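Colleague: Please read through the structure below; I'll follow up with questions.
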Amino acid sequence: MPVALSILDLAPIAPGRSARESLAASVELARAAERSGYRRVWYAEHHNMPTIASSATAVVIGHVAEHTDTIRLGAGGIMLPNHSPLVIAEQFGTLETLFPGRIDLGLGRAPGTDRPTMRAIRRDATSADTFPQDVLELQGYLRGESRVPGVQSVPVPQNEVPLYLLGSSLFGAQLAAQLGLPYAFASHFAPDALFEAVAAYREEFQPSEQLDKPYVIAGVNVFAAEDRDEAEAQRAIAYRNRARAFIARGQGGREYTDAEIDAFLASAGGQQLSTMTKYTATGSAEDVRAYLEDFADKVRADELITAHHAQEVPDRVRSVELTAKAMQR
1 MPVALSILDL
11 APIAPGRSAR
21 ESLAASVELA
31 RAAERSGYRR
41 VWYAEHHNMP
51 TIASSATAVV
61 IGHVAEHTDT
71 IRLGAGGIML
81 PNHSPLVIAE
91 QFGTLETLFP
101 GRIDLGLGRA
111 PGTDRPTMRA
121 IRRDATSADT
131 FPQDVLELQG
141 YLRGESRVPG
151 VQSVPVPQNE
161 VPLYLLGSSL
171 FGAQLAAQLG
181 LPYAFASHFA
191 PDALFEAVAA
201 YREEFQPSEQ
211 LDKPYVIAGV
221 NVFAAEDRDE
231 AEAQRAIAYR
241 NRARAFIARG
251 QGGREYTDAE
261 IDAFLASAGG
271 QQLSTMTKYT
281 ATGSAEDVRA
291 YLEDFADKVR
301 ADELITAHHA
311 QEVPDRVRSV
321 ELTAKAMQR
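So that you can map any letter, position 86 of the sequence shown is 86 in the UniProt record's numbering, and since no number is skipped, the others follow by simple counting.
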């Protein structure tokens with residue numbers, strides 16, 4: 001592929017489906033990615049979201065790894081201020097020990113949830129302030145070079161667990177540059193600072209033991225189908241469900257009709273939600289290829305991490321397959 005291609009799987013729980021079905025779909029999607037030549041599949045830590053099944057991210061990675069053979073799997077990402085660096089080192093050191101050469105660890109500093117859930121996690125409001133130090137502490141544990149005297153993570157993996165910093169602002173870009181780590185920008189849902197952040201990262205990058213030159217991963221949404229009309233229909237359903245999940249939280253579980261959701265998305269308040277998915281490739285395989293190549297070129301991305309959102313699992317798998325086939329031509 002001209003640009004490396006990967007997948008962010010949010011393990012969505014579709015309306016009327018169970019979490020177990022969602023996780024089975026994640027296995028199917030990873031197998032399709034493996035067959036199709038994708039570089040990696042990542043799962044994200046979210047909490048208190050009834051439509052996302054990847055809250056126990058390390059457990060999901062281990063489950064999918066058991067049902068695949070070669071593809072890299074990892075977190076995109078673990079929200080490090082929700083945890084102690086030692087516990088995350090233990091989890092991902094164990095994963096790398098069980099599945100050598102296949103585990104990635106992407107790190108973010110957002111809570112991945114709302115304020116009441118932050119309190120339930122026992123996350124302090126100032127937890128994010130020590131994020132840079134926590135990244136270094138975690139890195140030390142994974143290398144068997146603990147920064148905390150008398151404390152070590154067990155097991156220490158024989159192979160490196162590569163770290164990636166995730167972000168949607170200049171802070172993450174500048175920290176990734178300072179630490180010499182790959183940088184993944186969450187442009188699939190937070191597009192505003194994409195170009196400014198990537199430019200700052202590339203300009204300020206300092207080589208490290210892990211990485212000798214900048215490496216940029218950019219997120220992008222994808223709906224690839226046999227024709228544009230089918231892809232557009234899948235997009236409409238998926239983004240209605242997304243809006244429904246956002247506005248229904250904290251409102252007693254009220255069900256909104258498609259007409260109400262469409263009216264909301266057309267309103268001033270809804271436009272803010274719509275702009276979150278600004279970077280979305282939709283259409284036939286060739287349509288998607290043209291969009292992704294142009295996007296990667298403009299961003300100067302070394303890798304695209306694609307989020308396929310079609311509600312039905314066969315459509316999502318087909319989107320993965322069509323995208324890979326088109327990008328390999």
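All residues carry an ideal CB built from backbone N, CA and C; glycine is no exception.
From a predicted model like this one, the values you see are computed outputs, not experimental measurements.
Can you give the Cα-Cα distance for L10 and Q206, rounded to whole angstroms?
Modeller: Approximately 32 Å, taken between the alpha carbons.
Colleague: Counting contacts by CB-CB distance shorter than 7 Å, is G140 in contact with chain C?
Modeller: Although the question refers to chain C, the structure presented lacks it and comprises just one protein chain.
Colleague: Over the uninterrupted alpha helix (DSSP H) stretch that includes M276, give me the two end residues.
Modeller: No alpha helix (DSSP H) contains M276, which DSSP labels as neither H nor E.
Colleague: Let me know if P157 comes out buried or exposed under the rule of 16 or more other beta-carbons within 10 Å of its beta-carbon.
Modeller: P157 should be labelled buried.
Colleague: Counting only the same chain and skipping the five closest in sequence on each side, list residues whose C-beta sits under 8 Å from that of A32.
Modeller: Result list for A32: V317, V320 and E321, in chain order.
Colleague: Only counting the same chain, and skipping five residues up and downstream in sequence, which positions put a Cβ closer than 8 Å to that of W42?
Modeller: Answer for W42: S6, I7, L8, D9, L73, G74, A75, G76, G77, D104, G106 and I305, listed in chain order.
Colleague: Is the segment 167 to 178 close to the segment 193 to 202, with three or more CB pairs under 8 Å?
Modeller: The segment 167 to 178, when compared against the segment 193 to 202, does touch it at the 8 Å Cβ threshold.
Colleague: Please report the Cβ distance between P81 and A128, rounded to the nearest whole angstrom; I am assuming they are in contact, meaning their Cβ atoms lie under 8 Å.
Modeller: That belief holds up - the Cβ atoms of P81 and A128 are roughly 5 Å apart, short of 8 Å.
Colleague: Checking the sheet assignment: what are the DSSP bridge partners for I88?
Modeller: Answer is none; I88 lacks a bridge partner.
Colleague: Sort E255, V288, I71 and Y239 by Cα distance to M276 and report the nearest one.
Modeller: When only C-alpha atoms are compared, the closest one is Y239.
Colleague: Going along the chain, which residues of its own chain have a beta-carbon closer than 7 Å to the beta-carbon of H46, five neighbours each way excluded?
Modeller: Excluding sequence neighbours, H46 sits near I52, S54, S55, G112 and T113.
Colleague: At which residues does the alpha helix (DSSP H) containing Y291 begin and terminate?
Modeller: Note, Y291: alpha helix (DSSP H), A285 to V299.
Colleague: Which residues mark the beginning and the end of the beta strand (DSSP E) in which E196 is found?
Modeller: No beta strand (DSSP E) contains E196, which is instead part of the alpha helix (DSSP H) from L194 to E204.
Colleague: Would T70 and A30 be called neighbours here (beta carbons separated by less than 7 Å)?
Modeller: Not closer than 7 Å, so no.
Colleague: When the Cα atoms are used, what is the spatial distance from residue 361 to S153?
Modeller: This structure cannot speak to residue 361, because the chain is shown only from 1 to 329.
Colleague: Can you pull the DSSP bridge partners for G106?
Modeller: Paired residues: Y164.
Colleague: Tell me whether the segment 136 to 145 and the segment 184 to 195 touch, counting them as touching only if at least three CB pairs, one residue from each stretch, are closer than 8 Å.
Modeller: No, they do not touch.
Colleague: Which runs of the alpha helix (DSSP H) at least 4 residues long sit entirely within the segment 2 to 55? Give them in chain order.
Modeller: Listed in chain order, they are 19 to 36.
Colleague: DSSP state of Y215, grouped into three classes?
Modeller: Correct three-state label for Y215: coil.
Colleague: Counting pairs of Cβ atoms below 8 Å between the segment 272 to 288 and the segment 220 to 238, do you hit three or more?
Modeller: Yes, the segment 272 to 288 touches the segment 220 to 238.
Colleague: Short of 6 Å in beta carbon distance, which residues of its chain neighbour V161, apart from the five on each side in sequence? Order them along the chain.
Modeller: Closer than 6 Å at the Cβ level, and outside the excluded window around V161, lie F92, E96, I103, L105 and L142.
Colleague: Looking at the secondary structure, which residues open and close the beta strand (DSSP E) in which R72 lies?
Modeller: Element bounds for R72: R72 to M79.
Colleague: Output the distance between the C-alpha atoms of A310 and L163, rounded to the nearest integer angstrom.
Modeller: About 29 Å.
Colleague: With 16 other CB atoms within 10 Å as the buried threshold, where does S22 fall?
Modeller: Buried, since its Cβ has 16 or more Cβ neighbours within 10 Å.
Colleague: Report the three-state DSSP secondary structure of T68 (helix, strand or coil).
Modeller: Here T68 sits in coil by DSSP.
Colleague: Helix, strand or coil for T97 per DSSP?
Modeller: Note: T97 maps to helix in three-state DSSP.
Colleague: Can you give the Cα-Cα distance for S26 and V64, rounded to whole angstroms?
Modeller: Their Cα atoms are separated by approximately 7 Å.
Colleague: Between the alpha carbons of N159 and A307, how many angstroms are there, rounded?
Modeller: Taking the straight line joining both Cα atoms gives about 28 Å.
Colleague: Classify V151 as helix, strand or coil using the three-state DSSP reduction.
Modeller: Here V151 sits in coil by DSSP.
Colleague: Going by Cα to Cα distance, which pick from E28, A19 and A4 is closest to V313?
Modeller: The option with the nearest alpha carbon to V313 is E28.
Colleague: Expressed to the nearest angstrom, what Euclidean distance is found between the alpha-carbon atoms of R123 and P85?
Modeller: For R123 and P85, the distance between alpha carbons rounds to 13 Å.
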